[in-house]
Structures are given as C-alpha cells and as structure tokens.
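Chemist: For what it's worth, numbering that gives the first Met the number 0 labels the leading residue of the sequence shown as 0, then goes sequentially.
Here's a structure for you.
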Amino acid sequence: MTEPSYSRDELVSELKSYYEFLTQLYLPPEVIQYPPEGGWEHITPEFVDSFCLGKNDTVADLMKHIPYIRRTKEDDWDPWMVYEGATAVDFTGDVVLSLPTKYANEFLFEPQEGTISDIPPHVFVYATIASGRDGHYIFIDTERGTIVLADPQVGPDPTRLSDPEAPDEEAWRRFQTYTFPEFFSMAKEKFRKFEIAALDRKHVHYTDPDAPPVRIYREEGVFTERYDRERCMRRLDELAEQTGGENSEA
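This is the structure we're talking about:
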C-alpha cells in the first residue's frame with residue numbers, strides 16, 4: 000500500500016482527471032474553471048487572511064492552483080455536486096467574492112458548528128454539504144497528504160489511514176481517509192458501479208442499478224463512445240417532470 004505524502008501537483012492532477020471523468024457523465028465542461036498559468040492571481044495568503052479562513056500558506060498555495068466548479072449567484076441555491084451530497088467550494092465565483100469574509104456565509108466554507116469538529120489551518124475544506132445536513136464534507140489534509148470523506152449523519156467509517164481514537168477536538172480524523180489517488184479512484188468506481196449517480200443535471204446521490212435514472216444512463220450507453228451527455232440529461236429532465244421534481248434517491 001502506498002503511504003500518503005503531500006504533493007500539490009499530484010492533487011491538482013488527480014482533481015483535473017476527476018473533473019474530466021465527471022464531464023463524461025453529467026458535468027458540463029464549461030462549469031470547470033481552470034487557473035491561468037501561475038495560478039489564480041487573487042488567491043494569496045493575504046486574501047486567505049483577509050477572508051478570515053484561518054488557513055496556512057500551504058493551503059493558500061493549494062487554493063491558488065486548483066480548478067474550481069463554478070458557483071454563481073444564479074445557481075447559488077442549486078449548486079453542482081461532485082460527490083454524494085457534496086458541493087466543491089468555489090473561490091473564483093461571484094458568490095464568494097461578493098462576501099466580505101467567510102462569516103457572512105460560513106456554511107459555504109466549513110462544517111456547521113457541532114457537526115464534526117473544528118478544522119485546523121493545514122486542512123482545506125474542499126467540499127461542503129449543500130443541504131447542510133445530508134451528504135459529505137471532503138477535507139484535504141496538506142500535512143499528511145490525505146483526503147478525508149466525512150458523512151456527519153452516518154458517522155465515522157474508518158479506513159486504513161483513519162484515526163478512530165482521535166480526540167473529540169480532532170474528530171474529523173476519525174472519518175474515511177485516503178491517499179489522493181485512492182480517493183479519486185474510489186469515487187470514480189462508485190460512479191461506475193452506480194452506487195452514486197447524478198440523478199439529474201446537478202444532484203449526486205446514492206442509488207442502485209435498478210433506479211430509473213440509472214436505467215436511462217445504461218440505455219444511453221454511458222461509459223461507451225455512443226454516450227451523449229446532453230441527450231441523457233434531457234431524458235433525466237423528462238423523468239423529473241414526470242415524477243414531480245428532482246429524481247428521487249434509490
């Protein structure tokens with residue numbers, strides 16, 4: 000087993016590969032915001048400090064170089080999900096940049112108070128739970144070089160890199176913990192097995208192979224050359240209209 004170590008470039012590469020994978024399923028390529036050469040100019044340690052994020056320079060450097068999933072004011076209350084119930088934080092869109100500090104809308108940036116524990120300065124909160132309740136937080140630990148997947152409703156489900164005995168003030172360390180390649184490989188495999196799926200254009204939830212949205216994916220030839228993402232999304236739109244709204248979870 001590969002032991003974890005932190006590499007910004009490895010994380011960026013894995014994240015780009017993951018986003019490209021999601022565009023083969025449901026995510027429109029145009030919502031992925033790639034940084035210019037040298038990184039996002041406005042994301043500096045000074046920006047991170049002024050925004051009251053409480054993160055160290057390593058996290059600020061990571062934030063500067065990763066791609067982001069667009070979150071504008073138009074889709075603020077209906078953001079794109081990148082994993083089951085998980086929305087990636089966007090530090091390039093007008094939702095965040097219109098705020099004076101994180102305290103104007105804390106739930107966009109970190110777990111709600113009392114759900115897990117405080118997140119330390121060396122850990123980047125990559126994704127939050129859009130609904131505030133059901134879904135996953137995703138943390139990037141820049142000291143260990145790991146990704147932590149936390150479902151506060153279900154509780155810890157330790158993996159080999161978790162610390163089940165972590166004290167309460169570090170409860171986030173008890174949850175599923177992976178190396179960068181392990182996490183993204185696991186997430187892709189869950190999509191391939193239809194353990195999770197985008198049940199419409201934006202919302203990723205648990206499902207099973209017999210769920211109506213999954214049948215549509217299979218009929219449309221997902222994971223084959225004949226798959227047409229937009230045609231499949233239109234069929235999911237039609238299914239949602241027939242069932243009275245967002246396609247239900249399995």
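In this text, a Cβ means the ideal position worked out from N, Cα and C, and glycines have one as well.
What are the start and end residues of the beta strand (DSSP E) that includes Ile42?
Modeler: The sequence position of residue 42 within the sequence shown is 43, counting from 1. If you look at Ile42, you'll find it isn't in any beta strand (DSSP E); DSSP assigns it neither H nor E.
Chemist: Under a three-way DSSP split, which group does Val58 fall into?
Modeler: Your numbering for residue 58 matches position 59 in the sequence shown. DSSP places Val58 in helix when its eight states are reduced to three.
Chemist: Per DSSP, what kind of secondary structure is Ile215 in: helix, strand or coil?
Modeler: In the sequence shown, residue 215 corresponds to position 216, counting from 1. The answer is helix: DSSP assigns Ile215 an H, G or I state.
Chemist: Pull up the distance between the alpha-carbon of His121 and that of Asp93, whole angstroms please.
Modeler: As a working note, residue 121 is residue 122 in the sequence shown. As a working note, residue 93 is residue 94 in the sequence shown. Near 25 Å, if we compare the C-alpha coordinates of Asp93 and His121.
Chemist: Taking the straight line between their C-alpha atoms, what separation do you get for Ile297 and Asn104?
Modeler: This structure leaves residue 297 out entirely; the chain is present only between 0 and 249.
Chemist: Please go through the region 162–220 and give each complete beta strand (DSSP E) segment of 3 or more residues, from N-terminal end onward.
Modeler: 175–178, 195–197 and 203–205
Chemist: Under the rule that 16 or more other beta-carbon atoms within 10 Å means buried, what is Asp236, buried or exposed?
Modeler: Sequence index remark: in the sequence shown, residue 236 carries index 237 (1-based). When all chains shown are included, Asp236 counts as exposed.
Chemist: Among the residues of its own chain, which have a CB less than 6 Å from the CB of Asp56, if the five just before and after it don't count?
Modeler: Counting from one through the sequence shown, the residue named residue 56 turns up at place 57. Excluding positions up to five away in sequence, the list reads Pro44.
Chemist: When DSSP builds the beta bridges, which residues end up paired with Asp133?
Modeler: Position 134 of the sequence shown holds residue 133. Its beta-bridge partners do not exist; DSSP assigns none.
Chemist: Between which two residues does the beta strand (DSSP E) holding Ala87 run?
Modeler: Counted from its first residue, the sequence shown places residue 87 at position 88. Segment Ala85 to Ala87, the beta strand (DSSP E) holding Ala87.
Chemist: If we count the other Cβ atoms within 10 Å of its Cβ and call it buried at 16 or more, is Glu83 buried or exposed?
Modeler: Here residue 83 refers to the residue found at position 84 of the sequence shown. It counts as buried.
Chemist: Take Leu52 as the anchor and find which of Ser4, Thr71, Ser130 and Val124 has the nearest alpha-carbon.
Modeler: Taking the first residue of the sequence shown as position 1, residue 52 is located at position 53. Leu52 has its Cα closest to that of Val124, out of Ser4, Thr71, Ser130 and Val124.
Chemist: Where Asp140 and Thr242 are concerned, what is the direct C-alpha to C-alpha distance, given to the nearest angstrom?
Modeler: Indexing the sequence shown from 1 puts residue 140 at position 141. Indexing the sequence shown from 1 puts residue 242 at position 243. C-alpha separation (whole angstroms): 41 Å.
Chemist: Could you tell me which residues DSSP puts in a beta bridge with Asp140?
Modeler: Residue numbering aside, residue 140 sits at position 141 when the sequence shown is read from its first letter. According to DSSP, which records beta bridges pairwise, Asp140 is partnered with Val122 and Thr145.
Chemist: From Pro34 to Leu61, what does the alpha carbon distance come to, in whole angstroms?
Modeler: For the purposes of this step, residue 34 is taken as the residue at position 35 of the sequence shown. For the purposes of this step, residue 61 is taken as the residue at position 62 of the sequence shown. Cα-Cα distance, rounded: 11 Å.
Chemist: Can you tell me the Cα-Cα spacing of Ala249 and Asp207, whole angstroms?
Modeler: To locate residue 249, count along the sequence shown from 1; it is residue 250. To locate residue 207, count along the sequence shown from 1; it is residue 208. Since pLDDT at Ala249 reaches only 46, below the 50 mark, its modelled position is unreliable, and the value read off the structure follows with that caveat. Roughly 6 Å separates the two Cα atoms.
Chemist: Three or more C-beta pairs closer than 8 Å, one from the region 7–24 and one from the region 173–191: is that the case here?
Modeler: yes
Chemist: When you compare only the Cα positions, how much space is there between Glu40 and Thr91?
Modeler: One-based indexing of the sequence shown puts residue 40 at position 41. One-based indexing of the sequence shown puts residue 91 at position 92. Roughly 10 Å separates the two Cα atoms.
Chemist: If we ignore side chains and look at the alpha-carbon of each, how far apart do Ile115 and Glu224 end up?
Modeler: By one-based count along the sequence shown, residue 115 stands at place 116. By one-based count along the sequence shown, residue 224 stands at place 225. Computed Cα separation, rounded: 42 Å.
Chemist: Look at the Cβ atom of Tyr25, then the Cβ atom of Ala197, and state whether they are nearer than 7 Å.
Modeler: Counting from one through the sequence shown, the residue named residue 25 turns up at place 26. Counting from one through the sequence shown, the residue named residue 197 turns up at place 198. It is a contact, given that the beta carbons lie within the stated cut-off.
Chemist: How close, in whole Å, do the beta carbons of Thr127 and Tyr177 come, if the pair is a contact with beta carbons under 8 Å?
Modeler: Residue mapping note: residue 127 aligns to position 128 of the sequence shown, counting from 1. Residue mapping note: residue 177 aligns to position 178 of the sequence shown, counting from 1. With a Cβ gap of about 18 Å, Thr127 and Tyr177 do not count as contacting.
Chemist: Is the Cβ-Cβ distance between Gly131 and Phe106 less than 7 Å?
Modeler: Here residue 131 refers to the residue found at position 132 when the sequence shown is read from its first residue. Here residue 106 refers to the residue found at position 107 when the sequence shown is read from its first residue. Contact: yes.
Chemist: Roughly how far, in whole angstroms, is the beta-carbon of Arg234 from the beta-carbon of Glu219, given that I think they are within contact range, below 8 Å?
Modeler: Taking the sequence shown and counting its residues from 1, the one referred to as residue 234 is at position 235. Taking the sequence shown and counting its residues from 1, the one referred to as residue 219 is at position 220. Taking the Cβ atoms as the reference, Arg234 lies roughly 7 Å from Glu219, within the contact range of under 8 Å.
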